[in-house]
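Some notes on the structure that comes next.
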Amino acid sequence: MDDVWLVARCPSCSRCHGARGAAHRCPHCGHRTASPMDVVDRAASAAELQVLVTLANTPEELRDELRKRIGGQRVRKGADDEDSPRVWFAALREAANEDGYVTVEALAKALRRRSSITPVPDVIEHAMGTGLLFEEESDLWCLLGEQRSG
Numbered sequence: 018m019d020d021v022w023l024v025a026r027c028p029s030c031s032r033c034h035g036a037r038g039a040a041h042r043c044p045h046c047g048h049r050t051a052s053p054m055d056v057v058d059r060a061a062s063a064a065e066l067q068v069l070v071t072l073a074n075t076p077e078e079l080r081d082e083l084r085k086r087i088g089g090q091r092v093r094k095g096a097d098d099e100d101s102p103r104v105w106f107a108a109l110r111e112a113a114n115e116d117g118y119v120t121v122e123a124l125a126k127a128l129r130r131r132s133s134i135t136p137v138p139d140v141i142e143h144a145m146g147t148g149l150l151f152e153e154e155s156d157l158w159c160l161l162g163e164q165r166s167g
C-alpha cells in the first residue's frame with residue numbers, strides 16, 4: 018500500500034508530522050529522523066493525515082473538543098476539494114514573498130483567486146496548527162522551510 022502516510026513523532030522536539038517513508042527531517046525543528054521512527058498513527062490520505070497530525074500535536078485534554086470541531090467542519094463543507102487544505106496550502110505558497118513572508122492581504126488575494134470561501138484567519142490558524150506557518154509579528158507570518166515555492 019504505497020499511499021499510506023505515517024504520523025511520526027520527532028525524538029528531538031516530540032512534535033508529530035507526516036512522513037511517507039524512512040529517514041527525513043522534522044519540519045518543526047529540522048532534526049534528521051533516522052529509520053526506524055516513532056510511528057504514532059497511519060493515514061490513507063493527505064486530508065486524513067492533516068487531521069491526525071493536528072490531533073497528535075494537540076494536548077490530550079483538548080482532543081475531544083477538537084475532534085468535534087473538525088467533524089462539524091467536514092459535515093458543513095462536505096468532501097468538496099474546491100475549498101480544502103490543499104487549496105489553502107497552494108494559496109499560502111502563492112501569497113509568500115521571496116523571503117517566505119505572508120500578509121493577510123496577500124493571502125486574501127490568493128484565496129480569492131482559488132474561489133475559497135474560508136476566512137483568512139481560519140486558514141492562518143490551520144496552517145499554524147499544522148506547523149506550516151510561524152507568526153513573525155502582528156499581521157505577518159513566515160511560511161516555514163521547504164514549504165516555500167521559491
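Count along the sequence shown from 1, add 17, and you get the number used in the numbering used here.
C-beta: ideal position from N, C-alpha, C; glycine also.
C-beta atoms of leucine 160 and arginine 110 nearer than 8 Å: Reading the sequence shown from its first residue, position 143 is the one you call residue 160. Reading the sequence shown from its first residue, position 93 is the one you call residue 110. Taking the C-beta atoms as reference points, arginine 110 is found nearer than 8 Å to leucine 160.
Where are the beta strand (DSSP E) runs, 3 residues long or more, that stay fully inside the segment 87 to 166, in chain order? Runs found: 150 to 154, 157 to 160.
Report the partner residues of threonine 50 according to the DSSP bridge assignment. Residue mapping note: residue 50 aligns to position 33 of the sequence shown, counting from 1. Partner(s): His41.
Give a yes or no on contact between the segment 20 to 32 and the segment 120 to 133, applying the rule of three or more CB pairs nearer than 8 Å. No: fewer than three Cβ pairs fall under 8 Å.
I'd like the list of long-range same chain contacts for alanine 36, defined as Cβ closer than 6 Å, with 5 residues on each side in sequence excluded. For the purposes of this step, residue 36 is identified with residue 19 of the sequence shown, where counting begins at 1. Cβ within range, chain order: Leu23, Ala25.
Just to confirm the assignment, what range does the beta strand (DSSP E) spanning alanine 60 have? The residue labelled residue 60 in the question sits at position 43 within the sequence shown. Residues 55 to 60.
Use the C-beta contact count for valine 56: other C-beta atoms within 10 angstroms, 16 or more gives buried, fewer gives exposed. Locating residue 56 in the sequence shown gives position 39, where the first residue counts as 1. Valine 56 is classed as exposed because its beta carbon has fewer than 16 other beta carbons within 10 Å across all chains shown.
For asparagine 114, which option in His45, Asn74, Leu157, Thr75 has the closest C-alpha, if you only look at C-alpha atoms? Position 97 of the sequence shown, counting from 1, holds the residue named residue 114. Scanning His45, Asn74, Leu157, Thr75 for the CA closest to the CA of asparagine 114 turns up Leu157.
May I ask you to report which of helix, strand or coil DSSP gives arginine 84? Numbered from 1 along the sequence shown, position 67 holds the residue referred to as residue 84. Here arginine 84 sits in helix by DSSP.
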